[in-house]
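10 protein chains.
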Amino acid sequence: MMTKEDVTMMILSAKKTAGLTWEDIAEKIDMSPVFTHSASMGMNAFPEEKAALLVAALGLPQEAASVLNEAPTKVWEQAVPTDPCIYRFYEIVGVYGPTLKALIEEKFGTGIMSAIDFDMSVTKVPHEKGDRVKLEMSGKFLAYNSW
Amino acid sequence: MMTKEDVTMMILSAKKTAGLTWEDIAEKIDMSPVFTHSASMGMNAFPEEKAALLVAALGLPQEAASVLNEAPTKVWEQAVPTDPCIYRFYEIVGVYGPTLKALIEEKFGTGIMSAIDFDMSVTKVPHEKGDRVKLEMSGKFLAYNSW
Amino acid sequence: MMTKEDVTMMILSAKKTAGLTWEDIAEKIDMSPVFTHSASMGMNAFPEEKAALLVAALGLPQEAASVLNEAPTKVWEQAVPTDPCIYRFYEIVGVYGPTLKALIEEKFGTGIMSAIDFDMSVTKVPHEKGDRVKLEMSGKFLAYNSW
Amino acid sequence: MMTKEDVTMMILSAKKTAGLTWEDIAEKIDMSPVFTHSASMGMNAFPEEKAALLVAALGLPQEAASVLNEAPTKVWEQAVPTDPCIYRFYEIVGVYGPTLKALIEEKFGTGIMSAIDFDMSVTKVPHEKGDRVKLEMSGKFLAYNSW
Amino acid sequence: MMTKEDVTMMILSAKKTAGLTWEDIAEKIDMSPVFTHSASMGMNAFPEEKAALLVAALGLPQEAASVLNEAPTKVWEQAVPTDPCIYRFYEIVGVYGPTLKALIEEKFGTGIMSAIDFDMSVTKVPHEKGDRVKLEMSGKFLAYNSW
Amino acid sequence: MMTKEDVTMMILSAKKTAGLTWEDIAEKIDMSPVFTHSASMGMNAFPEEKAALLVAALGLPQEAASVLNEAPTKVWEQAVPTDPCIYRFYEIVGVYGPTLKALIEEKFGTGIMSAIDFDMSVTKVPHEKGDRVKLEMSGKFLAYNSW
Amino acid sequence: MMTKEDVTMMILSAKKTAGLTWEDIAEKIDMSPVFTHSASMGMNAFPEEKAALLVAALGLPQEAASVLNEAPTKVWEQAVPTDPCIYRFYEIVGVYGPTLKALIEEKFGTGIMSAIDFDMSVTKVPHEKGDRVKLEMSGKFLAYNSW
Amino acid sequence: MMTKEDVTMMILSAKKTAGLTWEDIAEKIDMSPVFTHSASMGMNAFPEEKAALLVAALGLPQEAASVLNEAPTKVWEQAVPTDPCIYRFYEIVGVYGPTLKALIEEKFGTGIMSAIDFDMSVTKVPHEKGDRVKLEMSGKFLAYNSW
Amino acid sequence: MMTKEDVTMMILSAKKTAGLTWEDIAEKIDMSPVFTHSASMGMNAFPEEKAALLVAALGLPQEAASVLNEAPTKVWEQAVPTDPCIYRFYEIVGVYGPTLKALIEEKFGTGIMSAIDFDMSVTKVPHEKGDRVKLEMSGKFLAYNSW
Amino acid sequence: MMTKEDVTMMILSAKKTAGLTWEDIAEKIDMSPVFTHSASMGMNAFPEEKAALLVAALGLPQEAASVLNEAPTKVWEQAVPTDPCIYRFYEIVGVYGPTLKALIEEKFGTGIMSAIDFDMSVTKVPHEKGDRVKLEMSGKFLAYNSW
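Chains as they are written, first to last, in our numbering: chain G, 1 to 147; chain U, 1 to 147; chain F, 1 to 147; chain C, 1 to 147; chain W, 1 to 147; chain Y, 1 to 147; chain B, 1 to 147; chain P, 1 to 147; chain E, 1 to 147; chain L, 1 to 147.
In structure tokens form, the structure reads like this:
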């Protein structure tokens, strides 16, 4: 059986051969670059029609479409990430996590921001003292039930 | 000597007595609620004049101002946070970390988003299917040096 | 300031003195025993009117009501629980977790069961070969967003 | 020798080819979907006659029946699961574990719910604000011995 | 409120003052030394009448009886014990665990030995080449359910 | 070179083909089932003549005898075992470890039970309320040296 | 696709065959030995023209140049390094980390030394009582933002 | 008995009262700021005459001198430091550790840099694009013995 | 009740006041310095008459003698020690552990060196290139039982 | 390229074929058995002429000599070793580590015993109550620098 790892390798190879960026690929299937990359890496499932579009756009074998549409088991490798680019986000959660919690609960009541009904984008913001990475997330507020 | 923990307790107590929100306090010292909460919890240092303003606004003892201005040692309690509200952010870093890395490097070149030259805000976005938490971060891009 | 730990101790003491069970207390405030115990232990927040009812029912000081209504920071002590009664549930998640995931995704599509918009009950079911514990959970299905 | 991993792969492949759900397969051998999935994944042992039925229903090689009937060694990969769907159940055990313990002991006396003499089901409950996952477990109460 | 830790300290102090061994105390309440020590340490609950006997035998305050009868939360300090006497038992489980599993399943079918419906004794066996510790455990066999 | 893992696979395969139990094999070489299984799994070394007997009894290649006689490096996979059958023994050490230590030291003086000069057996004890697993261990007492 | 691991193996093999040191290779591409080794191991990305120079100097296949220019995912194997040479540096961070923090903040204000805009060198300093390793690092100071 | 923690608190208090920097204090006792801070924090032992000088300079009680001269037990709190300023040094060891090892062994032969016969300094280097932290370490090379 | 920690503090205080070394104390009770220090720290039990001698020699209260004679629970704080002096021994076990095992088994047969029937000494050996620490251990060989 | 693992396998195979002990091999190259085994396992580097001798003595391919002479990266598999023979040494470091530190510092001043400029031997000492393992280590004392 073809696995999600197999399809990820096919996508990376086709992307390199065609000289495409993730933004280019995302545009071809009319999705965000964040979701496109994440689902290509096997960490999210493409909706059925998006999987078909991606297979067509990159010339992947037909079986890949159903694999891209399967629900993934999300496995990350380390409690503390080692890559500096990823670690900095982990550090932000460590330093500002209690602050996010306090402000969310002050604004919305007791509950959390969903990481499932959720989207995110990354933008480059030119700045004279050095360009800045802008990261925006939006997640549905979920109130704790009491019963 | 007065410690950062002592001052945090004074702030929480004054806040409760006065019936203030973090947004109220942030407004009094003209800073963001994220930074105001974080530095009140002892995870960041207030600039000297902001520390003085906060001490005046909440009626804290004078010595608290210099404590609020000291550089903190940032300690978090767990590699994997247990509180559901904070865990969801940790999960987002786990699931989307490699995606953020790929897109940042595609847009900016090899490097990272700074977690030091950095700011963040939380907003409530009303939505008919349920309000949403909007989280925005901006950090300076830092390119890896080669030498 | 009165903390959640303080109020938990007051509740346990009042409960022992009055000879009440958690079911008795839950009935007095018209909530479930599961939620009543969990929020009394400081792991959930009582709705404002329930906090007031509990304070009245157990003769707690007035300040306790606002503390019971505060959003808690949920901290658990160990990745692997040691108490045998709790460990067995942890073991069930380990052994049957992938099964729950497969069946939920087969029935609902890609997504999860919410642990926030969630309720649970425990019942004793008499049985000739030995009584059985019946545990029922209900959580809202949350579909993964794609964007 | 044929291993449990080998047989799991055969089942997944036959299931995909035949377009069956776990509910379909469970029905063919007259067992629950939870147990059917779990034992197909190698985390439980099928009773001898059920193993034979499954082998017949899916057209597996004869040797697979004895493998499906062998006692498994149950190995899970992580103390803290990373997949969000499984993590939520782990979180429930963390948050509500002491509550389950308190209520079980209040109703039954000192002891635990067995995770061995145990069954479980998953049901979809339609709901206007969003469908709900209903999870029911039943386990024999085991009283602590004193001697 | 009197805690299990408080009562453990009272027992240890009374035992030392009276110059009793655990065997002596166990005899006074007609229980085994293993259970008597374990429940005195707060790791098991004494049956009501045994708690009363112990309180009388050692001259403890009356409130101690109900504390000794409460269900304990069993917490151990380390995944890998450091004390050499305890470590050796941990090592035996590591080295012989798969063997115990194989032989139990060969003799009884798929299942486990209960650690709840369980008893244990320690005996000194004189031997010319050096005395030997004899440890005997007996636990009810629990067969895995299939459903 | 033939490894202990290779020989373990040969034994398991010959055992299955011949339809033997571990008790049967142990009897053929006049050793206990516990030691026979453990050494067959590569966790103990067979005495030279027993290795020869086993090789003859199961029709293994001659080189296997010297491999079975080699000192093993004992590696276990996890600090906390996941298989329920093995976990229960681990739990017993956690719960009763300090009790075993206290009673051994009360009976023998300061020291430990050896896990090296050690033997163990497993027996099935029929019982009307459910059969019981009887586990007996005997280890030499080792007194701490003082110098 | 050729991976960074593949290219590292090619470099090590070419280096051995040609009898070159890392200093020799660094000189050929006019970079420091530290950066040259680190990027050859796949822990940093060579600038495009340096990658081309290296490929030419060592006779590597053309595709290797683009691989050497790709942003790496930096993965280290252990929280506590075992090799004594590397451990000593880890120990220095443990022992002197708070000192470095205190002195940096005293000299520069609240902030950190960047590990991204960063360079390092190693020199051998002859000394009559035994040669000394001189290690020099230079990193840009990054001030914490307040907002 | 006065402990190293007690003396550290006295030094911090005297330093704050007198408005001194670590550089000022280091100058008074003619040692480096790195060693002065580290030994004041209890992570190194002051030579006897330096301890006397420090006690005199800061007006500490006489007993403090012998405490400052005692060999410390060096304890650090975490395998992975959380404070961003210290973490960056940890990250450098993770990323560049194998490089340091390779270059040291290329220049000196098989061995390590001592972390005991060792010194270190921190300097501020003004730079138009942002000041830089310069860190210099020197440690004796220790060759592995062969025997 | 007086604890082992209490007695350790009394010994350290008396030792400091009297200006004694561990060698001096060991001589007074005619034991080795290694055992004397270890048992004074509460990691071993003094034989009854040695405890009495120590109490007399240092002028401790009479109750201390029985405490020094009690069997200790040996607890160490970390899997990986942080103090450099202790770490080096841990490193030696990591690097040379498999070597010690191979040579012991080659010389003695399958088994281990006892850490219970065991003694150890530390000596200073003057050497022109720098004095050397000589560490000698002697432990009884324990052969694995087979049964 | 031939790796250290490859050469280790060649040595083990040649040793078995020739029926040699580690002592025999050590004698052929005039080194100690400890160092010979450790370097053969790839945990130390043979001096160049010793590597040549070993290759000749065991009939290894010529390339093996340069591999045996390369500096190894020392990796151990677990913070807590599982093999009983190795664990006992780990336990000795845990129990006696602080004692070794105290005595070394009392005899030598503040510093450590080197694990690099270091040698070790293992001897069998016949004894009527059971033979004893004698382990001797000698390491250079390294004094902490102050600066």
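Even glycine gets a Cβ: it sits at the ideal position worked out from N, Cα and C.
Proximity test, Cβ basis, 8 Å: residue i and chain B
i               : result
Trp76 (chain P) : yes
Member of the options whose CA lies at the smallest distance from the CA of residue i
i                : options                                 : result
Val7 (chain E)   : E:Ile104, E:Ala65 and E:Ala56           : E:Ala65
Ala39 (chain Y)  : Y:Ala56, Y:Leu60 and Y:Ala71            : Y:Ala71
Thr3 (chain F)   : F:Val125, F:Gly42 and F:Thr17           : F:Gly42
Asn69 (chain P)  : P:Glu77, P:Leu53, P:Ala79 and P:Asp83   : P:Leu53
Lys16 (chain F)  : F:Ile104, F:Leu58 and F:Lys50           : F:Leu58
Tyr96 (chain G)  : U:Glu48, U:Ile29 and U:Tyr87            : U:Tyr87
Phe89 (chain L)  : E:Lys124, E:Ser138, E:Thr73 and E:Asp24 : E:Ser138
Ile112 (chain W) : C:Ala26, C:Lys28, C:Asp24 and C:Asn44   : C:Asn44
Asp24 (chain F)  : C:Leu103, C:Ser13, C:Thr110 and C:Pro61 : C:Leu103
Cys85 (chain Y)  : W:Ile116, W:His37 and W:Lys28           : W:Ile116
8 Å Cβ cutoff, residue i in contact with chain F
i                : result
Thr175 (chain W) : The requested residue 175 (chain W) is not part of the displayed model; chain W covers only 1 to 147.
Min CB distance residue i to chain Y below 8 Å
i               : result
Glu91 (chain F) : yes
Ala64 (chain E) : no
Chain W residues whose Cβ lies nearer than 8 Å to that of residue i
i               : result
Pro84 (chain F) : Lys74, Ala115 and Ile116
Chain-ordered chain U contacts of residue i [CB-CB under 7 Å]
i               : result
Val80 (chain C) : Val80
beta-carbon residue i near the ligand ATP non-hydrogen atom, thresh 7 Å
i                : result
Tyr144 (chain C) : Although the ligand ATP was asked about, the structure shown includes no ligands whatsoever.
Residue i classed as buried or exposed, judged by whether at least 16 other C-beta atoms fall within 10 angstroms
i                : result
His127 (chain E) : exposed
Gly19 (chain U)  : exposed
Glu91 (chain Y)  : buried
Met120 (chain F) : buried
Val93 (chain Y)  : buried
Partner residues on chain P for residue i, Cβ-Cβ distance less than 8 Å
i                : result
Asp119 (chain L) : Asn145 and Trp147
Closer than 8 Å to chain G by CB, residue i
i                : result
Ser138 (chain C) : no
Ala102 (chain U) : yes
For residue i, three-class secondary structure by DSSP
i                : result
Ile29 (chain G)  : coil
Met10 (chain P)  : helix
Thr123 (chain B) : strand
Ala39 (chain E)  : helix
Gly139 (chain Y) : strand
Ser66 (chain P)  : helix
Asp24 (chain U)  : helix
Chain P within 8 Å of residue i, Cβ atoms only
i                : result
Gly97 (chain G)  : no
Ile11 (chain L)  : no
Gly94 (chain G)  : yes
Phe108 (chain B) : yes
Under 9 Å by beta carbon: chain L residues contacting residue i
i              : result
Met1 (chain Y) : Met9, Leu12, Ser13 and Lys16
Below-8 Å beta-carbon distance, residue i vs any chain W residue
i               : result
Arg40 (chain C) : The sequence shown places Ser at residue 40 (chain C), not Arg. For Ser40 (chain C), the answer is no, since every Cβ of chain W falls outside 8 Å of its Cβ.
Contacts of residue i in chain C (Cβ-Cβ under 7 Å)
i                : result
Gly130 (chain F) : Lys140 and Phe141
Neighbour flag for residue i against chain E, beta carbons, 8 Å
i               : result
Met31 (chain Y) : yes
Residue-level contact to chain U via CB, residue i, 8 Å cutoff
i               : result
Leu20 (chain G) : no
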